[in-house]
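Enquirer: One structure coming up, written as structure tokens, with questions to follow.
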Amino acid sequence: AEDLAHDFFAQALAREWLARYDPAKGRFRTFLRTCLLAFAASAREAAERQKRGGTLRHVPLDDALGIASEDEVSAIFDREWTRSVLTLALAALREECMACDRASTWEVFDSYDVGAETHERPTYDVLAHRLGIPPTQVTNYLNWARRRFRAHVLSTVRDLTSSDTEYREEIRALTGAAAP
Numbered sequence: 007a008e009d010l011a012h013d014f015f016a017q018a019l020a021r022e023w024l025a026r027y028d029p030a031k032g033r034f035r036t037f038l039r040t041c042l043l044a045f046a047a048s049a050r051e052a053a054e055r056q057k058r059g060g061t062l063r064h065v066p067l068d069d070a071l072g073i074a075s076e077d078e079v080s081a082i083f084d085r086e087w088t089r090s091v092l093t094l095a096l097a098a099l100r101e102e103c104m105a106c107d108r109a110s111t112w113e114v115f116d117s118y119d120v121g122a123e124t125h126e127r128p129t130y131d132v133l134a135h136r137l138g139i140p141p142t143q144v145t146n147y148l149n150w151a152r153r154r155f156r157a158h159v160l161s162t163v164r165d166l167t168s169s170d171t172e173y174r175e176e177i178r179a180l181t182g183a184a185a186p
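At position 65 of the sequence shown the residue is numbered 71 (this note's numbering), and the sequence of numbers has no breaks.
As structure tokens, this is what we get:
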């Protein structure tokens, strides 16, 4: 899959496929997914040609799941799109916190909201004690960081879309709510 993705982007850049995108015809994410699916289908056809052992069944050692359906590919693509948007927004928030002398705010947000996926979420009292601040300040830090994170998510999606309509569709797909 990594080789296929690498080959796809190499071809897309070399042949300027992305320049063909027309915002009037749909979302960029849909355009990119369509290009990727077409490229994958062509790669599969090329691999199955007779001159390349098309009558033999090649099974990669790491292919335990088999060939993914279009719905599975779409779900994976959507999940990775969401992950990349959130990763970019988190990086922007961290950078803002460090630039504004809000390292403690970042540490509270990272420990309580972000890092809670990998370890047990600390209590407000534990965070307050660790940073030497009152527990009420933990609440204030989280409130500020969550508002700024939301703003960075919106800004990231705005940067990745080409029109207001596409922006609104992406925000609805990402959050399930209408864009502000």
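Even for Gly, the Cβ is constructed at its ideal location relative to N, Cα and C.
Predicted model, so just to flag it, every value in this text is computed and none were measured.
In this structure, how does DSSP classify GLY138 when only helix, strand and coil are distinguished?
Expert: Residue state, collapsed to three classes: coil.
Enquirer: Looking at the ligand ATP, does it come within less than 7 Å of LEU38, judged from the CB to the closest heavy atom?
Expert: The ligand content of the structure shown is nil, which means the ligand ATP is not present either.
Enquirer: If you draw a straight line from the C-alpha of THR36 to the C-alpha of ILE139, how long is it?
Expert: Approximately 47 Å between the Cα atoms of the pair.
Enquirer: Any contact between the stretch 95 to 107 and the stretch 127 to 147? By contact I mean 3 or more CB pairs, one from each, below 8 Å.
Expert: No contact exists between the stretch 95 to 107 and the stretch 127 to 147.
Enquirer: Restricting to Cα atoms, I'd like to know which of PHE83, GLN17, VAL159 and ASP170 is closest to ARG39.
Expert: Residue PHE83 is the option with its Cα nearest to ARG39.
Enquirer: Between which two residues does the alpha helix (DSSP H) containing LEU94 stretch?
Expert: Residues 76 to 105.
Enquirer: On the three-state DSSP scale, how would you describe GLY191?
Expert: The structure shown does not extend to residue 191, since the chain is modelled only from 7 through 186, so no value can be given for it.
Enquirer: Do GLY133 and SER117 have their C-beta atoms closer together than 8 Å?
Expert: According to the sequence as given, residue 133 is Leu; it is not Gly. Going by C-beta atoms, LEU133 is nearer than 8 Å to SER117.
Enquirer: If you compare alpha carbons, which of TRP23, PRO29, ALA11 and ALA18 is closest to THR167?
Expert: The residue with the shortest Cα to Cα distance from THR167 is PRO29.
Enquirer: Kindly indicate which residue of PHE34, VAL144, ALA52 and ARG156 has the alpha-carbon position closest to the one of TRP87.
Expert: The candidate whose alpha carbon is nearest that of TRP87 is PHE34.
Enquirer: Comparing C-alpha positions only, which one of ALA53, VAL114 and TRP23 sits nearest to ASP131?
Expert: Among ALA53, VAL114 and TRP23, the Cα nearest to that of ASP131 belongs to VAL114.
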